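Numbering (the working numbering), first residue to last: 2 to 230.
The beta carbon of each residue, even a glycine, is placed where N, CA and C say it ideally should be.
Predicted, not measured: the structure shown is a model, and the values here were computed from it.
One structure below.
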């Protein structure tokens with residue numbers, strides 16, 4: 002089995018409920034959405050980036066070895082991200098079957114794919130981030146209610162909504178319908194320290210007003226738009 006991988010690196014989780022946790026990131030190539038502000042276009046936009054330069058075709062053994070080199074045995078937390086990793090759901094399932102159960106697994110997904118029963122049972126934390134209209138994709142492509150429901154049903158999912166400004170309020174309330182407020186996080190759309198500093202206060206205020214959580218983007222605070230951190 003071949004996995005299409007963008008990059009593997011050790012860092013700290015920069016977003017969500019495990020903010021600041023040491024981890025190893027496994028970033029998969031490919032995505033089914035085309036968000037205009039995406040900060041990982043190198044995983045899918047091969048009109049701007051060369052596929053041959055950006056995508057590694059690795060076996061399970063090669064992928065596991067890369068994770069070990071990045072320090073997975075030390076951190077014991079693996080964040081699987083993309084792109085959209087669930088495009089390669091079968092490969093993820095096979096890879097996780099070869100890793101120790103002690104490894105805590107997070108999956109970051111745009112919420113357009115429902116996980117298999119086996120994968121849903123193995124993943125410890127789902128960071129679900131359906132995209133709002135400001136990303137530019139039509140609703141029928143970016144919103145899959147049945148997939149969102151399946152992820153919520155795992156009992157281990159958090160809804161992470163990327164907010165541009167307060168004009169997004171009505172849309173994000175609709176997306177959060179049915180989710181416990183304690184499981185909803187609002188995060189500013191930002192790809193630079195300047196954008197983050199400008200937008201974070203308004204997002205924090207909006208989250209407080211709506212009874213949701215707010216989170217920053219720690220990797221941008223620390224490293225700006227640098228890759229592999």
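When you compare the CB positions of residue i and residue j, do they come within less than 8 Å of one another, or not?
i	j	result
residue 112	residue 157	no
residue 130	residue 163	yes
residue 114	residue 87	yes
residue 84	residue 36	no
residue 9	residue 29	no
residue 125	residue 107	yes
My guess is that residue i and residue j are in contact by the Cβ rule of under 8 Å, so how many angstroms apart are they, rounded?
i	j	result
residue 96	residue 4	7 Å
residue 136	residue 201	At roughly 19 Å, the Cβ-Cβ gap does not stay under 8 Å, so residue 136 and residue 201 are not in contact.
residue 12	residue 220	7 Å
Quick check: the Cα distance between residue i and residue j, rounded to an integer number of angstroms?
i	j	result
residue 24	residue 94	19 Å
residue 89	residue 76	24 Å
residue 195	residue 16	17 Å
residue 43	residue 218	19 Å
residue 57	residue 92	14 Å
residue 2	residue 59	8 Å
residue 228	residue 48	19 Å
residue 40	residue 153	26 Å
residue 176	residue 170	10 Å
residue 117	residue 105	18 Å
residue 82	residue 224	18 Å
residue 173	residue 69	38 Å
Which of helix, strand or coil does DSSP assign to residue i?
i	result
residue 89	helix
residue 227	coil
residue 192	coil
residue 7	strand
residue 119	helix
residue 218	coil
residue 186	strand
residue 132	coil
residue 208	helix
residue 71	coil
residue 157	coil
Using a Cβ-based criterion (distance less than 7 Å to any ligand heavy atom), does residue i qualify as near the ligand SAM?
i	result
residue 65	Ligands in the displayed structure: none, and consequently the ligand SAM is not present.
Task: Inter-stretch contact at 8 Å, needing at least 3 Cβ pairs: the region 199 to 215 / the region 180 to 188 - done: yes
Open item on the list: When you compare the region 44 to 54 with the region 63 to 79, are there three or more beta-carbon pairs, one atom per stretch, that lie closer than 8 Å?
Closed with: no
Open item on the list: Does the structure place the region 145 to 154 close enough to the region 96 to 107 that three or more beta carbon pairs sit under 8 Å?
Closed with: no
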